[in-house]
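Colleague:
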Amino acid sequence: HLPFAVIGSTEELKIGNKMMKARQYPWGTVQVENEAHCDFVKLREMLIRINMEDLREQTHSRHYELYRRCKLEEMGFKDTDPDSKPFSLQETYEAKRNEFLGELQKKEEEMRQMFVQRVKEKEAELKEAEKELHEKFDRLKKLHQDEKKKLEDKKKSLDDEVNAFKQRKTAAELLQSQGSQAGGSQTLKRDKEKKNFF
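Under UniProt numbering, the first residue of the sequence shown carries the number 1, and numbering increases by one thereafter.
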């Protein structure tokens with residue numbers, strides 16, 4: 001058996017009246033479809049017509065199976081356990097599923113704990129803010145009461161001053177009215193004395 005002499009090309013050249021796939025060299029042109037120039041036609045015939053079923057079987061049973069196994073191993077699935085005993089894909093799937101569910105529950109628990117922690121922190125912040133507000137309210141209330149007491153004391157003092165002033169005024173008016181009556185009677189007395197004197 002001699003090896004195939006295969007030449008390929010994607011270029012089409014005009015040879016005679018026909019366009020053919022060919023390759024141009026300095027010493028001449030090689031036609032891909034011409035059996036006198038190239039073994040491509042024989043190789044194609046052998047691969048496609050004679051050995052196609054073998055190629056398909058080999059591809060399916062060997063290459064695709066190898067590809068499938070490699071991909072499953074990348075995902076964590078194995079056709080055999082460490083002791084080289086084959087076990088079913090269903091068992092592997094169940095084991096992976098249980099492992100995934102365990103991880104999921106663990107993550108959920110972590111998230112729940114984190115949420116509870118955040119809620120507690122927020123509650124503590126709110127209680128602290130509420131305490132500060134109560135303290136501020138009590139402080140303002142005390143200030144208000146002190147201010148109110150000062151104003152009431154001042155009002156009482158002013159009321160006392162007003163009452164004292166009114167009493168002095170009344171006393172002064174009384175004295176003045178008594179003084180004017182006494183002065184008027186003395187004037188009458190003098191007038192009588194003057195009349196008697198003349």
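Quick reminder that beta carbons are idealized off the backbone N, C-alpha and C, glycines included.
Are Val6 and Leu43 closer than 8 angstroms when you measure CB to CB?
Modeller: yes
Colleague: Output yes or no for whether 8 angstroms exceeds the beta carbon distance between Ser9 and Lys18.
Modeller: no
Colleague: For the beta strand (DSSP E) that contains Tyr67, what are its first and last residues?
Modeller: Looking at the DSSP string, Tyr67 is not in any beta strand (DSSP E); the run it does join, the alpha helix (DSSP H), is Glu65 to Met75.
Colleague: Considering only residues of the same chain and omitting the five flanking positions on each side of Glu125, which have a CB-CB separation below 7 angstroms?
Modeller: None.
Colleague: Under 6 angstroms Cβ to Cβ from Gln31, same chain only, skipping five residues before and after it: list those, please.
Modeller: Met20, Ala22 and His37
Colleague: Should Phe115 go down as buried or exposed, given a rule of 16 or more other Cβ atoms within 10 Å for buried?
Modeller: With fewer than 16 other Cβ atoms from the protein chains shown falling within 10 Å of its own Cβ, Phe115 counts as exposed.
Colleague: Please list, in chain order, all residues of the same chain as Glu128 whose beta carbon is under 8 angstroms from its beta carbon, the five residues on each side excluded.
Modeller: none
Colleague: For the beta strand (DSSP E) containing Leu13, name the first residue and the last one.
Modeller: Run containing Leu13: Glu12 to Ile15, per the beta strand (DSSP E) assignment.
Colleague: Identify the residues that DSSP records as bridge partners of Met52: which are they?
Modeller: In DSSP, Met52 forms no bridge with anything.
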